[in-house]
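Quick note: the sequence shown uses our numbering, first residue 155, plus one each step. Working notes, beginning with the structure itself.
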Amino acid sequence: MYASPGAIHLHSQYSDGSGSIPHIARAARGAGIEWVIITDHDTLDGRAEQGYIDGVLTLVDQEITPFHNHFLGLNVDRVIPNTLPPQQFIDATYDAGGFGIIAHPDEQTYNEFKGLFRWDDWNINSPTNMSGRSTGIELWNFMSDWGEQLTPNNKEFLYAFPTRGLRGPTKATLEWWDALNVAGKRTFGVWGLDTHAFLRPSPFGRLQVFSYEWSFKTLTNYLWLPEKLPGNINSAMRMVYGALAQGRSYMVNRLEGDCPNLEYVAFRGAERWYAGDIASLREGPITLKVTLGSDAPVRLIHNGSEIMSGRNTLLTTINASGVYRIESTKTQTPWVMTNPIYITR
Ligand SMILES: [Zn+2]
Ligand SMILES: [Zn+2]
Numbered sequence: 155m156y157a158s159p160g161a162i163h164l165h166s167q168y169s170d171g172s173g174s175i176p177h178i179a180r181a182a183r184g185a186g187i188e189w190v191i192i193t194d195h196d197t198l199d200g201r202a203e204q205g206y207i208d209g210v211l212t213l214v215d216q217e218i219t220p221f222h223n224h225f226l227g228l229n230v231d232r233v234i235p236n237t238l239p240p241q242q243f244i245d246a247t248y249d250a251g252g253f254g255i256i257a258h259p260d261e262q263t264y265n266e267f268k269g270l271f272r273w274d275d276w277n278i279n280s281p282t283n284m285s286g287r288s289t290g291i292e293l294w295n296f297m298s299d300w301g302e303q304l305t306p307n308n309k310e311f312l313y314a315f316p317t318r319g320l321r322g323p324t325k326a327t328l329e330w331w332d333a334l335n336v337a338g339k340r341t342f343g344v345w346g347l348d349t350h351a352f353l354r355p356s357p358f359g360r361l362q363v364f365s366y367e368w369s370f371k372t373l374t375n376y377l378w379l380p381e382k383l384p385g386n387i388n389s390a391m392r393m394v395y396g397a398l399a400q401g402r403s404y405m406v407n408r409l410e411g412d413c414p415n416l417e418y419v420a421f422r423g424a425e426r427w428y429a430g431d432i433a434s435l436r437e438g439p440i441t442l443k444v445t446l447g448s449d450a451p452v453r454l455i456h457n458g459s460e461i462m463s464g465r466n467t468l469l470t471t472i473n474a475s476g477v478y479r480i481e482s483t484k485t486q487t488p489w490v491m492t493n494p495i496y497i498t499r
């Protein structure tokens, strides 16, 4: 399989971002990103520019943004009204043939630098009629996390040392994600950027908080694809949306180093299952194997609880059904997180 690095949740000049879509694609290319999903607020005006730009698959979707309760509506060809209540705009997105991701669900802080845009009712988390489809949760949103730490006193410091303003996904968000998957509601995780590249006046001239190119080197989503993205835009789009919705992906905080060759596989004999797959124990126990490709701590999480840890590699036999995913943290904030492999009786 090929791991294709991409970025989710960016704003362009079509809403309140500072960059044009070609500028964003160029910045992505400079940061080694192969696909991006731009989600401007309540508009698809940028859709005409969708396609391969500078070799980067540039997809243009929307962020449905009422006052609270933001939702990334993907793969739909109409603007979903932000005046609908959350359950209805989720349903409208899926009725239109798309799918979506609950954005920055656990914002806690309102300060002079940002509003408070949390997801109010966590009982609303999927379309009314799931019929085999999945929803996503933006487990970690770079700009939300960073912005929540800002105060008038530390803003220059956190601008100069952005990693000091990051905590990672909140405990509540991870617990919600695990609980939904354990309950059988297929929910994939992503890490989003929410880059606007705002230009702000400062005593040193106008500062950019933060540039697209810099942001593209932070939270990266790797999709495990059967091969590199094809040149045909429709096939490439299908591959990206398909892998995302299936949870065939893992996330890397590249501020702490890249992890391009992560291996996470379940196997029995010649059979293989990867993140997003469902494996059954009916024919006997299954072996789980993970290799980070670097000497860092790695943990195996079963139904939300750590059951095993080691360095670089884990290998274990599984006899219990449940939701199995991998985490790695080198310092304070998470470094790597996979989507789960689902194991049934
Ligand atoms: Zn938002
Ligand atoms: Zn946003």
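Even for Gly, the Cβ is constructed at its ideal location relative to N, Cα and C.
(1) So the alpha helix (DSSP H) E329 belongs to, where does it begin and stop?
(2) Excluding the 5 residues preceding and the 5 following L198 in the sequence, name in chain order all residues of the same chain whose CB lies nearer than 7 angstroms to its CB.
(3) Which same chain residues, not among the five before or five after D208, have their C-beta less than 6 angstroms away from its C-beta?
(4) Can you tell me which of N236, T282 and I256 puts its alpha carbon nearest to the alpha carbon of W273?
(5) Going along the chain, which residues put their C-beta within less than 6 angstroms of some heavy atom in ligand 2?
(6) Using the Cα positions of F221 and S280, report the straight-line distance between them to the nearest angstrom.
(7) Have a look at G160, R453, Y404 and V336 and flag the residue whose alpha-carbon is nearest the alpha-carbon of L416.
(8) Three-state secondary structure (DSSP) at G173?
(9) Runs of 3 residues minimum, wholly inside the segment 366-454: which ones carry the beta strand (DSSP E) assignment?
(10) For A257, verify whether its CB is less than 7 angstroms away from any heavy atom of ligand 1.
(11) Could you check if H350 belongs to the surroundings of ligand 1, using beta carbon to heavy atom distance under 7 angstroms?
(12) Cβ of T247 within 7 angstroms of any heavy atom in ligand 1?
(13) What are the start and end residues of each continuous alpha helix (DSSP H) run of 4 or more residues lying completely inside the segment 286-313, in chain order?
(14) Verify whether the separation of the beta carbon atoms of G346 and N295 is less than 8 angstroms.
(15) DSSP three-state label for G186, please.
(16) Does the beta-carbon of T263, which I'm using as the reference point, lie nearer than 7 angstroms to any heavy atom of ligand 1?
(17) From what residue to what residue does the beta strand (DSSP E) around Q362 run?
(18) Would you decide whether M297 is buried or exposed? Buried here means 16 or more other CB atoms lie within 10 Å of its CB.
(19) Compute the distance between the beta-carbons of D196 and T219, then report whether it is under 8 angstroms.
(20) Specify whether the segment 158-172 and the segment 346-356 touch according to this definition: at least 3 beta carbon pairs, one from each stretch, less than 8 angstroms apart.
(21) Can D260 and T324 be called in contact, C-beta distance under 8 angstroms?
(22) Considering only residues of the same chain and omitting the five flanking positions on each side of T305, which have a CB-CB separation below 8 angstroms?
(23) Identify the continuous beta strand (DSSP E) that holds P159 and give its terminal residues.
(24) For my contact list, I187 and I162 are in at a C-beta cut-off of 8 angstroms; report their separation, rounded to the angstrom.
(25) Given 7 angstroms as the limit, tell me if T219 has its C-beta closer than that to any heavy atom belonging to ligand 1.
(26) So who's on the other strand from F342, going by DSSP bridges?
(27) Along the chain, where does the beta strand (DSSP E) containing I207 start, and where does it finish?
(28) Of the choices Q303, A399, T445 and S369, whose alpha-carbon is the least far from that of D431?
Concretely, from the data shown:
(1) K325 to V336
(2) V214, Q216 and V233
(3) A179, R180 and R183
(4) I256
(5) H163, H165, E217 and D348
(6) 20 angstroms
(7) Y404
(8) coil
(9) 373-379, 403-407, 417-422, 425-427, 432-434 and 440-445
(10) yes
(11) no
(12) no
(13) 296-302
(14) yes
(15) coil
(16) no
(17) G359 to V363
(18) buried
(19) yes
(20) yes
(21) yes
(22) N265
(23) Y156 to L164
(24) So it is not a contact: roughly 10 angstroms between Cβ atoms.
(25) yes
(26) G290
(27) G205 to I207
(28) A399
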